Each structure stands twice: as C-alpha cells, then as structure tokens.
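Be aware that the sequence shown starts at -4, since it is given in this note's numbering, and climbs by one per residue. Glycine included, C-beta positions come from ideal geometry on N, C-alpha and C. This one's a predicted model, so the numbers in the text were calculated from it and none came from an experiment.
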Amino acid sequence: MSLEEFKKIYFMEWGHRLWGRFVGLSFVLPAIYFVARRKVSKPIAFRLLGISGLIGCQGALGWWMVKSGLKDDLFAPGSHPRVSQYRLTAHLGTAFICYTAMLWSGLSILRDRALIASPAKGHAELLRLSSPSLSVFRKSVAGLALLVFTTAMSGGLVAGLDAGLIYNEFPRMGTGLTPPKSELFSDFYSRRPDRSDIWWRNMLENPSTVQLDHRILATTSFTAILALWAYSRFNPRVRAALPKSAQKGMLGVVHLLMLQVTLGITTLLYLVPVPLAAAHQAGSLALLTGVVVLGSRVWVPRRMMGVLRTKLSSPRAVSNTRFPRTASAAKSLSS
C-alpha cells in the first residue's frame, strides 16, 4: 500500500468516526432535553432512551470491530489486514436496528398526529385496517422486514470475508447452481476433533458457503416480496381493504427490490468495485426502509384507536380539546 492509498483509507475512517459522533450527539442531546422537560409521552421517552443506548452501544461495537484488526500476525509481510466478520456484522446490525427504531418512532408520531387531527376519519381508517382480510398481509409485512434484515446481515458476512470476490457469475456458481458439498462443508474450517462445529463454522466462515447463503436469502426475499405484491394485487378482499397509501407503499417496495437485485448482481459480476458495493449496501437499507414504511401504513395502533373512540363518544371533549400542532407536543397521544 502506498502512502497516498493509506491517506485515502485513513480519511475515510476518520470521516466515518467524526460523522458517527455527530449523528450520535445530534440525537442524544435533544433526546435528553425532551425527556428531562417532559415534552414527550412515557412510551416515546423510553424509546428515545433506548435508541440513545443503542447509539452508545454502536460506538463501542465500532471500536471492538476495529480492535479485531489490530493483531500482530496481520502486519506480517504478505498478510491482508481485515477485521472480524462477526464484529463487522454486529456493528452493521446495530446500525440497522438503531435506524429502524428511529424511523418507526418518527412514523408513528406523524401518524398519530394525522389521526388525531381528524378523529372521525382517523377512526374509520383504523377500523378499515382492523379488517380480518388484512391480518395475513400485516403479519407478512412484519416477516418481510425480518427477512430483509437477515439478508442484509448475511451481506455483512460476505463483505467481511471478501466472499464477493469468488464465483463472480450469476445464477451459477462454477459448474452448477451451488458449489460441491465438499467445498461448502469443508473440514478445513472445523476446530473440534469431533467436527461438531463443521456446519455452523462453514455457514459463517467459509466464503463459498457464506456467498451461497446470501444468494439463497436474497432469492427468498425477492420471491416473498413479489408474492406479497401479487397477493395484495389479485386478492379482491385484500385489495378492497388495503388503503391507497399502502398499495403505493407495496409498489414502492417492489421497485426498490428490483433496484437492489440489479445492484447485487452487477456488484458480483464486476468483482465488487467499491462504489457499486456501497450502493448495494445502501440499497439494502432503502429496501428495509420501504418495508418499514409499508408496515407503518397497515399497522393498527390500539392505544390510538382507544383515544379516538373516547374522543368520538364525547363530543364536548373533542370541542374542548386543543390538538397539538407539533409532533413533540402530542405527548399524551403518541405511542
């Protein structure tokens, strides 16, 4: 590595650390203020404190990850410095969880504000979403969020092991759709005499197996999202009960899916150039965002439904109630 190459990598790491600290402080300091001044409800206060804790955990995980690359044997001539794929994936996973928690909290506050601004319309919308016809769809969206997250985490293992630099073809891997079994579950990765760890170590440490895992999860996500779109599109009862906003959200998820699949295959075929790899990682977060937004549009906040029912049953209470103009002021309504 030349001095100029080192400077480039150093600047990226330095910028990442500074940006991470800025993001953390820009969330934690306002959160402390809002909680201390009791400007948010207790549920939101607990969320803010929980997310603040996750941000602190994320910083600690970042250092723990970097520390795994500071070993003497990694500085030997001909060695390739790298961090642990386990710690890299843990760092990535915490970032995704933290982001998702922020996104869901923000969406729930904005939705509560919109519902309480028009109680009658909001109550009718929630009753429509409570239809048994949407029960399967709602649970499927939650399952999709978990599946997309798991696929992204398998991508973290691929990145940590440089597994994208082998089998740069699609859909085949060598002479078949999968490598030979002897390669997928090699004794080389087992560390116990009885080979009892051969399965899980190959699943997490063998680049060939890790890439195959990522392909399988990505293909499963692709199939599941298209199946859910078809279910929402061609099932008359679901289509009639699904709000227009949710239908648009489902279509948006399909578009993000197509973009992400294209980025993933292109990244593999072109031997993982950094710009494409970064775009593929960003695409996974964009896809998860789309699924979370879709989930927020079909989720039924039971507490808010009770609040709206109380407001509608007491017209005097509605007329005497000053509805909050800002999301932060809706502390008695947010959940």
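By the C-beta criterion, the region 129 to 144 is judged not to be in contact with the region 55 to 62, since fewer than 3 inter-stretch pairs fall below 8 Å.
Within its own chain, the residues whose Cβ lies closer than 8 Å to the Cβ of M97, once the five positions on either side in sequence are excluded, are F22, I46, listed in chain order. Counting only the Cα atoms, A90 lies some 29 Å from D68. Of the residues T257, A158, V286, the one whose Cα lies closest to the Cα of W224 is V286.
In the DSSP assignment, N197 falls within the alpha helix (DSSP H) that extends over 193 to 200. If you check the CB distance, L142 and S216 come in under 8 Å. By the Cβ neighbour-count rule, I27 is exposed, with fewer than 16 other Cβ atoms within 10 Å of its own.
In the structure shown, G171 falls within a strand segment according to DSSP collapsed to helix, strand and coil. Taking all protein chains in view, the Cβ of V302 is crowded by 16 or more other Cβ atoms within 10 Å, so the residue is classified as buried. Only exposed fits F165, as fewer than 16 other CB atoms lie within 10 angstroms of its CB. Ranked by Cα distance from Y94, the first of L283, K306, P296, W294 is L283. The beta carbons of Y162 and G169 sit about 6 Å from each other, so the pair counts as a contact at 8 Å.
When Cβ pairs closer than 8 Å are counted between the two stretches, the region 229 to 240 is seen to touch the region 121 to 129, the count reaching three or more.
In the structure shown, E(-1) falls within a helical segment according to DSSP collapsed to helix, strand and coil. The three-state reading of DSSP puts Y226 in helix, counting H, G and I together. In this structure, V78 and S63 form a Cβ contact; the two beta carbons are roughly 5 Å apart against a cut-off of 8 Å. When secondary structure is reduced to three states using DSSP, E164 falls in the coil class, being assigned neither helix nor strand. Residue state for L307 is assigned as helix, using DSSP reduced to three classes.
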